[in-house]
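Taking it in order: structure first as structure tokens, then the write-up.
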Amino acid sequence: MSAERLEVHPTRLELLALKRRKTLAEGIADILQKDLEVLIFSLVEYRERATLLRTQLYDTLKKSYNQFIEAEMVSGNLKVKELALTTTPIDFNVETGMATGVLGIQFPSLKLIKQEQKDHKIRLSLTDAPMQLEEAASRINDVMNAIVKLASLTAAIRALLEVISLKRRQINRIRFKIVPNLDATIDYIQFILDEIEQQDAIRVRVLQRKRKERAEKSY
Amino acid sequence: MPFESGFFKENEKKGLRNLIKPTQYSTIMPRVALESLKLIDLDVLVRLTGQNLEGIFLFLLNTAYKEEIVSTCGDKVEPGLLEDAFFQNYAKMFIRLLKNSSKYIKSLLMSVLHKFDALNLKTMFRMVQAGMNTDDILKHIIPLGMYDRKKCQTLLSEVNSISDIVSSLREQDFGFTLKETLNTQKIIGDISPLEAALNKELFTGILKEIKNLKKRDKEIATNILGIEIDVLNVMIILKYKALMTDHENIKENLMPVALIDEKILESAIKKPDIKSTLQCFLRSAGTKHHVYQTIFAKLVNESDSPLSRLEFILGKAPLEMSFFELKKNMRYYNIGYILAFLNMKWVEIKNLRCIVNGIARNIDKNQTLDLLILPENYKI
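Those protein sequence lines, which keep their order, are chains A and B. Mapping of the first sequence onto the numbering used here: position 134 corresponds to residue 134, and the numbering continues sequentially without gaps. Mapping of the second sequence onto the numbering used here: position 294 corresponds to residue 513, and the numbering continues sequentially without gaps.
Here it is as structure tokens:
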């Protein structure tokens, strides 16, 4: 990336201001870098939690589907279909909200809201439903909490990734755009100031020489 | 297997009629019919678990199921069609037994046949409640009993709701009970009270017919059919214990009692957990029958297992009782012979269905073997 020089007057005052800006930019970049490290650390933590939860979820779902197949084997797929058609559906809803996470970042949070059964009724036929079907349904019911928790974690991971990406862009902009530009401008001003100083020195020497020559002539 | 040997042959029927008294003839005829109905050898059945659907299809074409499989499946090998063919075969076998049975046995078998009427009625209730169309409902109907597909089609063409179905039933065909239940129903749309009423009516009918039998026949029928009712009651109590917090309405859902009486059921309901419930049954069943004792002892040993495992053990009970009665009364009393055969045939169909569905779902052979209902002493 080629550094661009800023449009500034090549004065010592500007040079000092630019140096202050550079120090500030580097300070900000350091803070952002630390934030990034914290965010990456919590991303890894969230990811581990999500992986663990996903493994548990797949395991439970696998067991549940296995029991469902066993129910079909024991009672026939037509009977299972028939029983499933008249099952009382589980009444649930997902409440969405915001939660404050690491570095005060707002994460979407999901919460499962289940309607409590008033009469504690068995959902499937008491005499005709194979127990495997009841167990499979019960596992799926329990899995709902884990699914919502995983969805919440996934949303948090996505939010974290967005913030990490933003922070990284900010750091990169400071390190590879702003600081090099400031450096280039500082160098330029420094160069101009050096040139001016050098010219002034020559001019002083010329003037001193001329003054000396004039003084010698007058004697 | 006792049913595999050719004890009597079909062509001997006419000769028998002239040789023996009418009462003896009516006693011996169901057994003659059974001799020609063959069950699949257990070893062969177990070996089917390792095959593919085509292999099973070809095997079944050389068994008693051939006719139904050819007419139902054609050249399509689908688990649903095979299951339907199995039921058709069971229906054919049942009708053949009914034709050859004497008055009291016929009445008992008719009451047992109501099991399928109850199943088909429950299917109709469920499917109508789910808003399914007639064609879909008919696929779920078992082609046996008075509510066969033809009757169901006629019934469903005239009705739109469960109450319509109930009002179209005759008083003697569960109609009275169902109407009473529907009138006293508290929650609209809840079909579980109707299901419970149907089951109670069914088992009351069976127990009533058993009472009409005499001496040993009565004892055998009580044992073989009674264990089925007892198993259902035990399972209902276990399901309540495992799934419900409120145990108040268990009694409403219990079936009429057979060998395990109301006192035992009541004390079992009061027990706090599944293990103590099963121990309660073991203590009471122990004095009654060897099969009950064995089953409950096994259940107590495995009381920490999932409920599906306990249900599986309980599901074996009618088969074990059938074998017990066959061993005890094989030669002299045909009622046990018929009821045992019906149980064994039903178990064979359930096992075939299990194998077919397992293969269709790519289930491991060992898992399928675990779900097969096999005699307790059978070694794989």
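Don't be surprised by glycine CBs; every beta carbon is placed ideally from N, CA and C.
{"Asked": "Extent of the continuous alpha helix (DSSP H) run through B/T423", "Found": "411-431"}
{"Asked": "Beta-carbon contacts of B/L317 that lie in its chain and below 8 Å, excluding the five residues immediately before and after", "Found": "K325, L328, M329, L332"}
{"Asked": "In chain order, each alpha helix (DSSP H) run of at least 4 residues that lies wholly inside the region 439-524 of chain B", "Found": "469-472, 481-489, 493-504, 509-520"}
{"Asked": "Which of helix, strand or coil DSSP assigns to B/Q270", "Found": "coil"}
{"Asked": "Those residues which DSSP pairs with A/F107 across a bridge", "Found": "A/A99"}
{"Asked": "For A/I90, the nearest candidate out of A/V80, A/F107, A/I147, A/R123 (CA to CA)", "Found": "A/R123"}
{"Asked": "Straight-line gap, B/P475 to B/N442 (C-alpha atoms, nearest Å)", "Found": "15 Å"}
{"Asked": "Where B/I381 sits in the DSSP three-state scheme", "Found": "helix"}
{"Asked": "As assigned by DSSP and simplified to three states, the class of A/L112", "Found": "strand"}
{"Asked": "Boundaries of the alpha helix (DSSP H) in which A/T60 is found, first to last residue", "Found": "12-75"}
{"Asked": "Run of the alpha helix (DSSP H) containing B/D367, from where it starts to where it stops", "Found": "Looking at the DSSP string, B/D367 is not in any alpha helix (DSSP H), and its letter there is neither H nor E."}
{"Asked": "A/V94 - DSSP class collapsed to helix/strand/coil", "Found": "strand"}
{"Asked": "Helix, strand or coil at B/V528 [DSSP, three-state]", "Found": "Reading off the sequence, residue 528 of chain B comes out as Arg, not Val. The answer is helix: DSSP assigns B/R528 an H, G or I state."}
{"Asked": "Pick from B/K311, B/S376, B/M312 that is closest to B/Y343, judged by C-alpha positions", "Found": "The question names Tyr, yet the displayed sequence has Met at residue 343 of chain B. Comparing Cα-Cα distances from B/M343 to each of B/K311, B/S376, B/M312, the minimum goes to B/S376."}
{"Asked": "A/P108 versus B/R266: straight-line alpha-carbon distance, rounded", "Found": "55 Å"}
{"Asked": "Whole-angstrom distance between A/I189 and A/R12, CA atom to CA atom", "Found": "8 Å"}
{"Asked": "Given B/I469 as reference, the closest of B/E595, B/N352, B/A487 once Cα atoms are compared", "Found": "B/A487"}
{"Asked": "Through-space distance from B/P362 to B/F306, alpha-carbon basis", "Found": "7 Å"}
{"Asked": "Cα-Cα separation between B/I493 and B/Y459, rounded to whole angstroms", "Found": "10 Å"}
{"Asked": "Chain-ordered chain B contacts of A/Q132 [CB-CB under 7 Å]", "Found": "S527"}
{"Asked": "Under 8 Å between C-beta atoms of A/K149 and A/L53", "Found": "yes"}
{"Asked": "For B/F543 and B/G225, the rounded distance between their alpha carbons", "Found": "Note on B/G225: pLDDT 41, under 50, position unreliable in the model; no value is reported."}
{"Asked": "Any alpha helix (DSSP H) of 4 or more consecutive residues that is wholly inside the region 282-313 of chain B", "Found": "285-292"}
{"Asked": "6 Å CB neighbourhood of B/L300 in its chain, flanking five on each side removed", "Found": "T291, C292"}
{"Asked": "A/V206 - DSSP class collapsed to helix/strand/coil", "Found": "helix"}
{"Asked": "Contact set between the region 55-67 of chain A and chain B, restricted to residues whose Cβ is under 9 Å from the partner", "Found": "N66, Q67"}
{"Asked": "A/I178 beta carbon near the ligand FAD (any heavy atom closer than 7 Å)", "Found": "Looking at this structure, you won't find the ligand FAD or any other ligand, since it has none at all."}
{"Asked": "Reduced DSSP category for A/T154 - H, G, I as helix; E, B as strand; rest coil", "Found": "helix"}
{"Asked": "Neighbour-count burial assignment, B/K535, 16 or more Cβ in a 10 Å radius", "Found": "buried"}
{"Asked": "Where B/Q404 falls: helix, strand or coil (DSSP)", "Found": "coil"}
{"Asked": "Residue-level contact to chain B via CB, A/S42, 8 Å cutoff", "Found": "no"}
{"Asked": "Local conformation of A/D128 per DSSP, three classes", "Found": "coil"}
{"Asked": "Cβ-based burial, A/K62 [other Cβ within 10 Å; buried from 16]", "Found": "exposed"}
{"Asked": "Cross-chain neighbours of B/N472 in chain A, by beta carbon under 7 Å", "Found": "L126"}
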